[in-house]
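Right, one structure below, let's go through it.
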Amino acid sequence: MSSNETATTGNAGGGGAGGASDPTGPSPDEVIVFWLDIGLLCVVGAFFLALLPRAIGRFSNLTEWTRGLLLRSGPPPNPMIQRITPNDRLYRPDTRRSSFGDGASDQSHTLADHNAYIRSGKEWASMPSGRGDVVYPTHVRSLATILHPVSKIFTHPLSANKTTGKLFLTLAYVVTIHVIVLDGDNPFLNPIVNPNRLGYIAISQIPVVIALGTKNNVIGMLLGIGYEKLNFLHRLVGLVVFITANVHATVYIISFVSTQNFEALQAPFIQAGQAGLIGVTLLFLAASGGIRTNAYTVFLILHIVGTVIFFVGIWYHQAVCSKYVLLAVGIYGFDHLFRIVKTRFATARLTAVPELGLTHVEVPSVGAGWRAGQHVRLRVLSGSMGWFGWTTAHPFTIASAAESDKGMVLMCKKAGGWTRKLYTAASQSGTGGIENGYNMQSTREMKVIVEGPYGGTGHVVMSSYSSVLLVAGGSGITFGLGAAEELIQDILNGRSSVKFIELVWSTQERGSLAPMIPSFSTLFGLVANVPGVVLRITVHYTRAEKPDTDGGKARAAVDAHLATLAPNLSLQPGRPPLQRIANSIARLTASVPDARGLAVGVCGPAGLALETAKAVKAVDSTLRNSCGGVELHEE
């Protein structure tokens, strides 16, 4: 008996999410969605081939094979060096003269400020970089650079983390689904005449939505893209599953009710389908209304419960659903197995940093295995986090370079209930030892579970460019610190072509600079004796200064360090002029013989990310070509 016959007779042999397959072979609807999935695989394959040159370029450097996959122990860490007041032990390089002998100045961030380096840019090619033999990493330009200016059609920023390219991909998928739904003798009535096709679409996309939503998904591995960058597709496909499943069920329910075939509603497979519908609705509700943002634990519980109900319901709804459920469970199982492999138990040192409103977390026993820009998921095993605090893992960008002497460093900003508890716990007196002389509160040791690393720059190798601009907003400085330290580390090891590093940090309070001075000073100390390499850090504060409560001692302390680190470290009021900065550094990059381009990385609030994207887009084609391209990476 066919599925359509079942819809009117109520026999339990067909209808529902997928309908019964014909004994002689699959139904036409099943064949259509099979080719839909094949088409999606072909799209992934096309992107893989397009990005393959960058993957080959990245992994031609042997060190990349050990970066970014599994956390491991590193060099023996030094004791945690803490913040904050000026101290002679802070490194104070003589940066009053540039690497090329140009006079220093206290001028603001202007084109002339960079022109001092441009005048001597031709000298860079003959200057050694780092120590020993320098081996430049393979540099492969992005498709956006190769196809510029045509690529501007797809890279135009619409809002934070949204481009015309993402919009085109979204529309292409939605149009494809609509074409499949409406394909028939009477397109606009086809969903009513043949609701089974909607059911087939829903179940065929279940493995897709699971693959796009897992932390260790094969799609991201093939493309060199972090799971967080694919999340918009996960939500899109999930919405399609929700809509098609609901329309499919609604058409059948209306049909049964209108013909008073209430007996059909009591059929076990129909009730199983209704249970599945409840499950997918829970998933939809969990992903909407700000639940994920404002109540992540509730979101997580609804997601787990909804997924279980959905899978069990459709498993018993129709036999054809089982293979899709099994595939989805297999993908989900692989992800969680890999998560276990990527998990480390460790002891962390926690210190509250009131000036930044964050908790400084140092994990000495984990010192290698990540790349700049990657993040880990942190669980804290302490009663201070509440009874169920350990059940939730929170993502934090790593603020240190791998294989340094600090171990893994995280900066966890107070942004919700869990992070506030972490800050409060770190503020309590602890027993961990600290290095004296930095006017610091004590640290507290806690057992933690660290899972990762995830995300990062993918196949982008920042050390293969001539210049790097790092833009950070607020707690996004963790990305800037980690990336800058890794770049300098590669320079010192003789495996970098970078000549100029610019770190721009936008923060709200002027006092936010004080806790970061030791970190900035360390970076300057590392690069101070490397000829032909320039590091600049500019801090912009956007709020009016607060009245001094200590007689001006804190301000004097910051000013003292600014005086010793100027002009390479500067503090300025107002938002950073990103477009002017991008153009200025692009001109500087163009002065380098055989320029390899300017890499721009940004991490921070949505507005800052959008502003940075617009600044990169605004670099004119002539300058872009002369400097080797300007490429953007958003964290």
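Here the sequence shown is numbered in my numbering, starting from 1 and rising by one per residue.
Idealized CB from N, CA, C, for every residue including glycine.
Does the beta-carbon distance from residue i to residue j come in below 8 Å?
i, j, result
"residue 389", "residue 226", "no"
"residue 706", "residue 426", "The question about residue 706 has no answer, for the chain in this structure spans 1 to 635."
"residue 461", "residue 222", "no"
"residue 219", "residue 328", "no"
"residue 314", "residue 211", "no"
"residue 357", "residue 413", "yes"
"residue 216", "residue 338", "yes"
"residue 634", "residue 592", "no"
"residue 485", "residue 404", "yes"
"residue 349", "residue 362", "yes"
"residue 198", "residue 247", "yes"
"residue 537", "residue 482", "no"
"residue 589", "residue 467", "yes"
"residue 209", "residue 241", "yes"
"residue 29", "residue 196", "yes"
"residue 375", "residue 453", "yes"
"residue 75", "residue 416", "no"
"residue 302", "residue 282", "yes"
"residue 526", "residue 501", "no"
"residue 224", "residue 458", "yes"
"residue 201", "residue 33", "yes"
Is any non-hydrogen atom of the ligand MG found closer than 7 Å to the C-beta of residue i, if you look at the structure I gave you?
i, result
"residue 133", "Ligands in the displayed structure: none, and consequently the ligand MG is not present."
What does DSSP give as the partner residues of residue i in its beta bridges?
i, result
"residue 159", "162"
"residue 374", "455"
"residue 221", "Bridge partners of residue 221: none, in fact."
"residue 413", "358"
"residue 537", "503, 569"
"residue 395", "377"
"residue 450", "344, 378"
"residue 327", "Per DSSP, none; premise fails for residue 327."
"residue 167", "Residue 167 pairs with nothing; no bridge assigned."
"residue 408", "363"
Just the C-alpha distance for residue i and residue j, rounded to the nearest angstrom, thanks.
i, j, result
"residue 146", "residue 470", "22 Å"
"residue 409", "residue 27", "56 Å"
"residue 155", "residue 277", "38 Å"
"residue 507", "residue 316", "55 Å"
"residue 304", "residue 192", "32 Å"
"residue 512", "residue 355", "6 Å"
"residue 448", "residue 606", "30 Å"
"residue 594", "residue 532", "15 Å"
"residue 542", "residue 284", "38 Å"
"residue 290", "residue 423", "24 Å"
"residue 249", "residue 286", "21 Å"
"residue 510", "residue 540", "8 Å"
"residue 343", "residue 558", "39 Å"
"residue 65", "residue 428", "41 Å"
"residue 169", "residue 149", "19 Å"
"residue 237", "residue 446", "40 Å"
Pick helix, strand or coil for residue i, following the three-state DSSP scheme.
i, result
"residue 445", "strand"
"residue 349", "strand"
"residue 640", "The requested residue 640 does not occur in the structure, where the chain is confined to residues 1 to 635."
"residue 545", "coil"
"residue 259", "coil"
"residue 321", "helix"
"residue 471", "strand"
"residue 105", "Confidence at residue 105 is low in this model, with a pLDDT of 38, below 50, so the placement of that residue should be treated as unreliable; the coordinate-derived value is given next. Of the three classes helix, strand and coil, the one that applies to residue 105 here is coil, per DSSP."
"residue 72", "strand"
"residue 580", "helix"
"residue 343", "strand"
"residue 211", "helix"
"residue 90", "At residue 90 the pLDDT is 39, less than 50, meaning the model places this residue with poor confidence; the figure from the coordinates comes in the next sentence. Three-state result, residue 90: coil."
"residue 647", "What the structure shows of the chain is the stretch from 1 to 635, and residue 647 is not part of that stretch, so it cannot be assessed."
"residue 603", "strand"
"residue 620", "coil"
"residue 366", "coil"
"residue 562", "helix"
"residue 285", "helix"
"residue 487", "helix"
"residue 526", "helix"
"residue 598", "strand"
"residue 627", "coil"
"residue 185", "coil"
So does the region 476-491 actually touch the region 504-520, counting three or more Cβ pairs closer than 8 Å? yes
Three or more C-beta pairs closer than 8 Å, one from the region 578-595 and one from the region 611-619: is that the case here? yes
Would the region 486-506 and the region 136-143 be scored as touching if the rule is three or more Cβ pairs under 8 Å? yes
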